[in-house]
Each structure stands twice: as structure tokens, then as C-alpha cells.
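Peer 1: Sharing a structure with you now.
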Amino acid sequence: MEFRFTEDQRLLQETVRDFLAGECTVDFVRGQWETETGRSPEFWASLAEIGVPGLLIPEEHGGLGMTEIDLVLVMVEVGRAGLAEPVTPTAAVAAPLLRDCGNEALAKEWLPKIAAGEAIVAVAQPTSPLVPEAECADLLILRSGDGLYAVPAADARITPQKSNDPSQKLATVEFDPQPAQLIASGANADRLETAALDRGALACAAQQLGACEQLIQMSVDYTAERKQFGVPIGSFQAVKHQVADIKVALEYARSHVERAAHSVAQDVESRSVDVSMAKISAGEAALQGASTSLQVHGALGYTWEQDLHVWMRRAWTLDLAWGETAWHRERLAEALFDGGPPAVSFGFEPAA
Amino acid sequence: MDLKYTPEQEAFRKEARAWLEANVPSEKLASFDTKEGFEQHREWEKKLQAGGYAMVPWPVEYGGRGANLLEWLIFEEEYYRAGAPGRVNQNGIFLLGPTIMDVGTPEQKARFLPKMASSEEVWAQGWSEPNAGSDMANIQATAIKDGDHFVINGQKTWASRGAFAHWLFGMFRSDPDSTRHKGLTFILVPLDTPGITVRPIEKLNNKKAFAEVFFDDARVPVEYQLGEEGKGWDVAMATAGFERGLMLRSPARFQDTARKLVELYKETVASGAYVAPELRRTVAQCWMDAEAYALNTYQTVAHLMGGGKIGAEASLNKIFWSELDTKMHETALKLLGHRAELLPGSSAAGDVGEWLDGYIFALAGPIYAGTNEIQRNIIAERILGMPRK
Ligand SMILES: Cc1cc2nc3c(=O)[nH]c(=O)nc-3n(C[C@H](O)[C@H](O)[C@H](O)COP(=O)(O)OP(=O)(O)OC[C@H]3O[C@@H](n4cnc5c(N)ncnc54)[C@H](O)[C@@H]3O)c2cc1C
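So the protein lines, in turn, are chains B and C. 16 is the number of the first residue of the first sequence in this note's numbering; add one for each residue after it. 23 is the number of the first residue of the second sequence in this note's numbering; add one for each residue after it.
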């Protein structure tokens, strides 16, 4: 038993952090708001160079063959940078889905392209009628009836929808299911869909940690600079204690997220509930981070010009993606009270 | 990351489980906040010691079994699973003991640790004074050296179990001209020293187990000084870290309470009694938070076993467990409805009175070991680097 990341995993995290600090500046993120697609193929290509889209793809298909334990640290950095490129649907959800779905031909066709940064895949979420990234996707994984389909973008009718978070690209999608596009049906489709949901939720939770860290940092920096009554406002306890409270929420959410990464990577029995706890706690920490940061920034935080809302909106968006908090709370409650999927205490084993 | 126990760890768990199943008293002991319960708990501690489980992570030579922190966590899990009694000497075994191991002389280790492990000597903690609560550096009790003794004068207060304890540890001002954190010395004081008067104070739970301690020219040998003279603050900070951090508040305790809360929720719903709809989520949140606490502790242990240290992070811990404990008990009382007013032992209370007891105990959590406001200051200033004044 050792609940710790390896040096190599930390190194990967640092590499991605440094890369994003240089390439994914807030000016870049805001610049993307103004472009037509909101997405940058050049940027995606450089992400592919450091291996991000292919992290979970087996080496024989051109990926890095890593697990969610590695990915989770990368996603924290994605959240810290406010990066909204389709890392979650493509790298965290679609890649392992195509890897695990049992359709060799499909895996062979798409996994190398994903790893090389040449294909983006959008995935429908069972908890929402909106499909993020459909507009820029080459392939869509969609549900119809009891089947799960892999649909080339050209075969789908995509209607863009405007999101409250300009970083996010939402769409509604219609399609006519073709037998040739069927990946799985019945129980197998359900299994893949639940795994996809768990992976998407985990990726969001990790990003929420990163966004929350960024919100804390912005609050700490701003309140050290801004003076009222002749002193930095950060020296007031009413300000300090609010920021300290986000830090508490963040650190305990982090423990849930890191355990959930292990649960997904190892497909343990309590995987779904572990993921729900990660999503609930990281979501709440990020929302608390957003509202507190806004409060300590005063009216300046309430402007479009100030960068705070880049992360504030990410926090709101991520909270709704891959199962809203309320949805995950219900899944947890069912596990605890109604004999739903098992919830297992860590370490402690109650007497019968 | 490897979240599986090794075969040795599994074997240790099994062994501890078997011993506890065979030895944990079947009758609940009286509260260790009463004279009778205090002695019953010391008997239990003696038994634990005989079984080799009094202080699992201590070195064998001091009465422990030389286990690592992870095995200690496993033991604690089994301890709460077995419903074993609270540790009457927690100030000694969890706080002072590790401090003596860090800074004590070989003679001090040999003199104090084995008797602490067996609870032959039970310890009280003497930080607080009437004017040194949150402002812990404002210590006024003095210990002035006179030959090979310290002469102690002044007062300590709020010493838990001080009413029955044998020894007290605390900081005293050894340099009368000093102020604040300087000139303090950490001293171990036998409470039967002439010149010491212990006055019990009744607590919110209506037990006389707090004490205030008056020192009137009490002479304590210099060999009971722990760490360097004048450096008592540094020694004490290490001890306080143990108290806020993981030693005192092992996760299994909260996981066990959370499990009971889930059971209480299910029973209450099944009984047909009215249950406010929001409690479903509150109970689930409590269970989830207890899990977070356990996960975080395992991560801290991995960090420590990998050679890392913890400092101000203990303050995150302290806020989290104390608020969790309060929330769990508050939630239980809401589920109990009118039954929540019955004291344990009332015939109509059944076993639900435990929750009320636990609630009153939990209320102290945000106050002792440094109030949560003080912990928030520490987090803001020392972890986040926000401006001090
Ligand atoms: C059950 C229990 C057991 C205890 N056991 C022991 C023991 O064994 N040994 C021992 O030495 N002590 C013990 N204590 C005492 C405990 O450590 C103190 O009560 C605690 O440190 C607070 O000090 P105080 O009571 O003097 O409160 P005060 O310091 O007077 O504080 C009162 C209020 O003011 C707030 N406050 C004070 N200063 C600040 C500040 N700078 N910023 C923001 N808010 C502030 C506090 O947070 C608190 O809310 C125990 C207390 C309890 C309740």
C-alpha cells in the first residue's frame, strides 16, 4: 500500500504545466473565444507532440500506454491553464472507449490518428442532450436506443449552441443510426457508456482541482496587492478565512480525485461511486473557489476585462459536464442507502 | 501508487483483529471523565500493553511494537471496528510520547515512555493559562532555576483529565525578562509535587474532568526539562502538530461514526418516522467526507514514510476533522428528532444517547488543539502566504 504518485508521474505533470504556462496563456484562451471554431489545430498538434491525446492509447497504436493515474495529473494542469481544447472527450473518454470496445478495426483506424493529434472525437454524455466539441470533431460517439454508434462527423447533423462559457463549444446532434456504425448494444453499450461517464467525470474533477488552485492563487495575489484602509486586504481575517476555507475544500477533494483515478485505472468494484465522490467534492471546491474569488476581487472581478471569470466560467461548466453534482450525489446516496453500486470504505472494514 | 495491502500488512490486520475480538471488554466502560471510568480505562490500557498493542508505532524498547505508520493506521481501523474503548492517555501516547522520542534524552525516554505506554502514568496537557488561550505565547507561569530544580509559580487551566492525571507537561517562562515565544521551557511536572493544587472544573458534559492547576513554589527537578532551556516553544509546536494532525485523529474513528450515521438513517427511514428530505444528501456527504479524511491520511502517511515532513498542513486536517465530527453528530440528532434530548442511560433512550454524548464532545473540536479561527490564520499565512497584518 502506497498512496503516492511516482517521480515520473510528477515529472510528466511538471512538463505539461510548463508547456501550458508558455503556450496556453490567458491571452491565448481569450483569443480563442474570438475565433470561429474556438479551437486551434496548431495548438492541438503541439499537445500531441508531448503525448497528451494519446496518453491512454496503447503503444502499439502510437500512444503512451499510460493510465488514468498519469492522466489525472495532466488534467489538473489543463484545469489550471483554463485550457478548453477537447482533451476530455478525445483523450480521456473516446480513446479508452475505442480501445476497450472490442472492435479491432475501429481501434486500429482511430487510435493512431488520435495519438498523432490528427483526429478529435466528441462523445455524447448520458446525462446531457448537448454534445461538446461536436463542431470540431472528426468522429462522434453517440447513443441511440440501446446502441452505441461511432459516427463520422459528415454523417451527423450538428447544430451549434451558445454556451455561457465562451471556451466551451456545445452542439445538439442528430443522426440516423447505421448498422455499420454500431459499436455495442444492450448491456455492453451500457457498460461502455458508464465507463465513459466515469472517465469524463474524473477528467472534469481533475480540471476542477486545477481551476480551483488557480482561483486561490489569483485571490492570494490580488489580495496582497489591493489596499484598503492603508493595508493589503489580504491581511484582514474576514478575507483570509474565506480563502483558507477553499484550500481546505480543495485538499480533501484532491484525495477523492486521486483515489478515483486509481479506481478507474484498476476498474475496482467501487469505481463509479469513487468517481462520483471525486466529481462532487472537486465541483464544490471549484464553485466555492469561484464565488469566493469573485467576492475578494470586489467589482473588478465582476468585469469582463478581468481574467477571473475565465476560470469562474470553467468551474461552472465543468460542474455541469459528465453528470451534474446533483446527479452524482444521487448515485452516491443510492449506493449507501438503496443497494446501488457498492460504496466501499477505504481501509476501514466495518464489523458485520 | 499501489492501493493494495501487502501480505504482511494483511497478516498484521488479521492478528490485531483476532486479539481485539478476544480482548475488547464486552461491557462498555464508564466515561474516562469520571474517577471510576478513568481507572477502568487504565485497566484496559494495561491489557493492551500486555497484548503488545498499547503503542503500535513505538519502538519495542519503549513498550511499542516498532510498527510503521501504515500498520498503525491498520491497527486503528481494527480498533474502531472492534468498538474498543477510547484512549485515556491520549495526551501521553499520541502527543508527548512522540515529542519525547524526538527530543528527549535517553534517560527521559527510558524513564517516561514505558510507563506512558502502559498508562501507569497518565498525562495532562498544560498549555492554556487564563491569559494564554489562542495567544499561546502569552505564558505567564514561571519556572525559575534554583540549583538543580525549577521553582514553578502561576496557573494552568483547561487541562483535560487533569483532575485524575499523574503528570502534566507544559511550557513555563524560565527567563522572567523574556516575552512571547522566547524564554519558555518545556517541563514535565509530577502533579503530586508539593505546592501544586489541582482544582477540577465541570465540563459541558457535566463531568468534572477538566482541571485548573495552581503552582505555588512547586520544585521540579531540572532533569524533567524536555529539550533545550528557553526553546520550549519549538518543542511545543511539534507536539501541537501531532495533536492537530494525524496522530490523535485516526480516520477509522470518523469512518466508524459515518457508518453508524448511515445505519441510523436507514433505520429511521425504515421505521416510517419523518425524515427531512435534505438529510439523505447530508448523510451521504458526511460519509463521503469521512472517506476523504481517510484517503488524505493515507496520503500523508505515504508522504511521511517516503521521508517527507508535515508542518502547517496539520491545520487543514484539524479544521476538516473537527467540522466533520460536529456535522455528523448534528445530523444524527436531526434524524433522532425528539429522542435526541435523552441522555444515555435513560430507559427510553435505548442506545441513541451515545449520539448526544458524541455531539457534546464534538462541539469542543473546533475549540481545542487551537481554535479553527487560529487554524485558518495559519493556513492563510503559512500555507498560502497571505499578509500577516
Ligand atoms: C474540551 C476541551 C479540552 C481542552 N483541553 C486542554 C488541555 O488538555 N490542555 C490545555 O492546555 N488546553 C486545553 N483546552 C483549551 C484550549 O486549547 C483553548 O480553549 C483554546 O486554545 C482557545 O483558547 P481560549 O479558550 O482561551 O479562547 P480565546 O483565545 O479567548 O478565544 C475565544 C474566541 O476568540 C477567537 N480568537 C482569539 N484570538 C483570535 C485571533 N487571533 N483571530 C481570530 N479569532 C481569534 C477564538 O477563535 C475563539 O473563537 C481545552 C479546551 C476544550 C474546550
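Ideal placement from N, C-alpha and C gives every residue a C-beta, glycine not left out. Fair warning: this is a prediction, and the values are worked out from it, not measured in the lab.
Verify whether the separation of the beta carbon atoms of alanine 216 (chain B) and valine 290 (chain B) is less than 7 Å.
Peer 2: In the first sequence, residue 216 (chain B) corresponds to position 201, counting from 1. In the first sequence, residue 290 (chain B) corresponds to position 275, counting from 1. For alanine 216 (chain B) and valine 290 (chain B), yes; Cβs fall inside 7 Å.
Peer 1: Check whether chain B comes within 7 Å of arginine 302 (chain C), counting only Cβ atoms and requiring the distance to be less than that.
Peer 2: For the purposes of this step, residue 302 (chain C) is identified with residue 280 of the second sequence, where counting begins at 1. Answer yes: the Cβ-Cβ gap between arginine 302 (chain C) and chain B drops below 7 Å somewhere.
Peer 1: Using Cβ-Cβ distances below 8 Å, what residues of the stretch 61-91 of chain C are close to chain B?
Peer 2: none
Peer 1: Look at the alpha carbon of alanine 336 (chain B) and the alpha carbon of alanine 99 (chain B), and state the distance between them as a whole number of angstroms.
Peer 2: The residue labelled residue 336 (chain B) in the question sits at position 321 within the first sequence. The residue labelled residue 99 (chain B) in the question sits at position 84 within the first sequence. Between alanine 336 (chain B) and alanine 99 (chain B), the C-alpha separation is close to 13 Å.
Peer 1: Between the C-alpha atoms of lysine 69 (chain C) and glutamate 29 (chain B), what's the straight-line distance to the nearest angstrom?
Peer 2: On the second sequence, position 47 is the one that residue 69 (chain C) refers to. On the first sequence, position 14 is the one that residue 29 (chain B) refers to. Each residue's alpha carbon lies about 51 Å from the other.
Peer 1: Which residues, in chain order, sit with a beta-carbon under 5 Å away from any heavy atom of ligand 1?
Peer 2: This criterion selects C:Gln147, C:Trp149, C:Ser150, C:Gly155, C:Ser156, C:Trp180, C:Ala181, C:Ser182, C:Ala386, C:Ile389, C:Tyr390, C:Thr393, C:Glu395.
Peer 1: What are the start and end residues of the alpha helix (DSSP H) that includes leucine 26 (chain B)?
Peer 2: One-based indexing of the first sequence puts residue 26 (chain B) at position 11. Boundaries of the alpha helix (DSSP H) harbouring leucine 26 (chain B): 22-38, taken from the DSSP string.
Peer 1: Is there a Cβ of chain C sitting closer than 7 Å to that of tyrosine 267 (chain B), yes or no?
Peer 2: Looking up residue 267 (chain B) in the first sequence gives position 252. It does; some Cβ of chain C falls within 7 Å.
Peer 1: Which residues mark the beginning and the end of the alpha helix (DSSP H) in which leucine 224 (chain B) is found?
Peer 2: Reading the first sequence from its first residue, position 209 is the one you call residue 224 (chain B). It spans 201-240 - the alpha helix (DSSP H) in which leucine 224 (chain B) sits, taken as one unbroken run.
Peer 1: When the Cα atoms are used, what is the spatial distance from threonine 290 (chain C) to glutamate 32 (chain C)?
Peer 2: Within the second sequence, residue 290 (chain C) is the residue found at index 268, counting from 1. Within the second sequence, residue 32 (chain C) is the residue found at index 10, counting from 1. Each residue's alpha carbon lies about 35 Å from the other.
Peer 1: Taking the C-alpha atoms as reference points, what is the distance between arginine 45 (chain B) and aspartate 180 (chain B)?
Peer 2: Working through the first sequence from its first residue, we reach residue 45 (chain B) at position 30. Working through the first sequence from its first residue, we reach residue 180 (chain B) at position 165. When rounded, the distance between both Cα atoms is 11 Å.
Peer 1: By how many angstroms is the C-alpha of serine 234 (chain B) removed from the C-alpha of alanine 253 (chain B)?
Peer 2: Numbered from 1 along the first sequence, position 238 holds the residue referred to as residue 253 (chain B). Numbered from 1 along the first sequence, position 219 holds the residue referred to as residue 234 (chain B). Whole-angstrom Cα-Cα distance: 13 Å.
Peer 1: State whether the stretch 222-232 of chain C contacts the stretch 177-186 of chain C, with contact taken as three or more CB pairs (one from each stretch) at a distance under 8 Å.
Peer 2: yes
Peer 1: Looking at phenylalanine 194 (chain C): is its Cβ nearer than 7 Å to the Cβ of threonine 215 (chain C)?
Peer 2: Numbered from its first residue, the second sequence carries residue 194 (chain C) at position 172. Numbered from its first residue, the second sequence carries residue 215 (chain C) at position 193. Not closer than 7 Å, so no.
Peer 1: With DSSP run on the structure shown, which of helix, strand or coil describes serine 159 (chain B)?
Peer 2: Locating residue 159 (chain B) in the first sequence gives position 144, counting from the first residue. Strand, per DSSP.
Peer 1: Taking only the alpha-carbon atoms, compute the straight-line gap between glycine 355 (chain B) and aspartate 282 (chain B) and give it to the nearest angstrom.
Peer 2: Along the first sequence, one-based indexing puts residue 355 (chain B) at 340. Along the first sequence, one-based indexing puts residue 282 (chain B) at 267. Take the alpha-carbon of glycine 355 (chain B) and the one of aspartate 282 (chain B): they are about 17 Å apart.
Peer 1: Would you mind working out which of B:Tyr267, B:Ile72, B:Pro167 sits nearest aspartate 191 (chain B), comparing C-alpha positions?
Peer 2: One-based indexing of the first sequence puts residue 191 (chain B) at position 176. When only C-alpha atoms are compared, the closest one is B:Pro167.
Peer 1: Please state if the CB of glutamine 62 (chain C) and the CB of serine 140 (chain C) are separated by a distance shorter than 7 Å.
Peer 2: Position 118 of the second sequence holds residue 140 (chain C). Position 40 of the second sequence holds residue 62 (chain C). No. Outside cutoff.
Peer 1: Between proline 388 (chain C) and glutamate 335 (chain C), how many whole angstroms is the CB-CB distance? I'm expecting something under 8 Å.
Peer 2: The sequence position of residue 388 (chain C) within the second sequence is 366, counting from 1. The sequence position of residue 335 (chain C) within the second sequence is 313, counting from 1. Proline 388 (chain C) to glutamate 335 (chain C), Cβ: 18 Å. No contact.
Peer 1: Give me whichever residues DSSP pairs with glutamine 147 (chain C) in a beta bridge.
Peer 2: On the second sequence, residue 147 (chain C) is found 125 positions in, with the first residue counted as 1. Looking at the DSSP assignment, glutamine 147 (chain C) forms a beta bridge with C:Phe191.
Peer 1: What does phenylalanine 342 (chain C) touch in chain B if you count any residue whose Cβ is under 7 Å from its own?
Peer 2: By one-based count along the second sequence, residue 342 (chain C) stands at place 320. The contacting residues are Val263, Tyr267.
Peer 1: Anything in chain C within Cβ reach of proline 247 (chain B), meaning under 7 Å, just list it in chain order.
Peer 2: One-based indexing of the first sequence puts residue 247 (chain B) at position 232. Under the 7 Å cutoff, chain C gives Pro409.
Peer 1: Report all residues from its chain with a CB closer than 6 Å to the CB of arginine 158 (chain B); omit the five preceding and five following residues, and keep chain order.
Peer 2: As a first step, residue 158 (chain B) must be located in the first sequence, where it is residue number 143. Contacts found: Ala139.
Peer 1: Which residues does DSSP list as the beta-bridge partners of asparagine 175 (chain C)?
Peer 2: Stepping through the second sequence from its first residue, residue 175 (chain C) is reached at position 153. BP columns for asparagine 175 (chain C) point to C:Thr164.
Peer 1: Look up threonine 215 (chain C) in the DSSP assignment and say whether it is helix, strand or coil.
Peer 2: Here residue 215 (chain C) refers to the residue found at position 193 of the second sequence. The answer is coil: DSSP assigns threonine 215 (chain C) none of H, G, I, E or B.
Peer 1: Considering Cα atoms alone, identify which of C:Gly176, C:His171, C:Glu143 is closest to proline 152 (chain C).
Peer 2: The residue you call residue 152 (chain C) lines up with position 130 of the second sequence. That would be C:Gly176, whose Cα lies nearest to the Cα of proline 152 (chain C).
Peer 1: Please classify glutamine 193 (chain B): does DSSP put it in a helix, a strand, or coil?
Peer 2: Position 178 of the first sequence, counted from the first residue, corresponds to residue 193 (chain B). Correct three-state label for glutamine 193 (chain B): coil.
Peer 1: When you compare the CB of alanine 216 (chain B) with every CB in chain C, is at least one pair closer than 7 Å?
Peer 2: In the first sequence, the residue the question calls residue 216 (chain B) occupies position 201. Output row for alanine 216 (chain B): interface = no.
Peer 1: List the residues of chain B that glutamate 99 (chain C) touches, going by C-beta distances under 8 Å, in chain order.
Peer 2: Numbered from 1 along the second sequence, position 77 holds the residue referred to as residue 99 (chain C). Correct list: Gly362, Phe363, Glu364.
Peer 1: Any residues in the stretch 336-366 of chain C with a beta carbon nearer than 8 Å to a beta carbon of chain B? Which ones, in chain order?
Peer 2: Leu338, Ile341, Phe342
Peer 1: At the 7 Å Cβ level, is histidine 277 (chain B) part of the contact set with chain C, yes or no?
Peer 2: The residue given as residue 277 (chain B) occupies position 262 in the first sequence. It does; some Cβ of chain C falls within 7 Å.
Peer 1: For a contact meaning CB atoms closer than 8 Å, what does methionine 90 (chain B) contact in chain C?
Peer 2: Taking the first residue of the first sequence as position 1, residue 90 (chain B) is located at position 75. Those within 8 Å of methionine 90 (chain B) in chain C number zero; the least Cβ separation is about 16 Å.
Peer 1: If I measure Cβ to Cβ from leucine 42 (chain C) and keep anything under 7 Å in the same chain, skipping five residues before and after, which residues do I get?
Peer 2: Taking the first residue of the second sequence as position 1, residue 42 (chain C) is located at position 20. Excluding sequence neighbours, leucine 42 (chain C) sits near Glu100, Tyr101, Ala104, Ala106.
Peer 1: Taking any Cβ of chain C, which residues in the stretch 343-354 of chain B have a Cβ under 8 Å from it, in chain order?
Peer 2: Arg344, Leu347, Ala348, Leu351, Phe352
Peer 1: DSSP three-state call for proline 29 (chain C): helix, strand or coil?
Peer 2: Counting from one through the second sequence, the residue named residue 29 (chain C) turns up at place 7. Residue state, collapsed to three classes: helix.
Peer 1: Assign aspartate 260 (chain B) to one of two classes, buried (16 or more other C-beta atoms within 10 Å of its C-beta) or exposed (fewer than that).
Peer 2: Here residue 260 (chain B) refers to the residue found at position 245 when the first sequence is read from its first residue. It is buried - the Cβ of aspartate 260 (chain B) has at least 16 other Cβ atoms within 10 Å.
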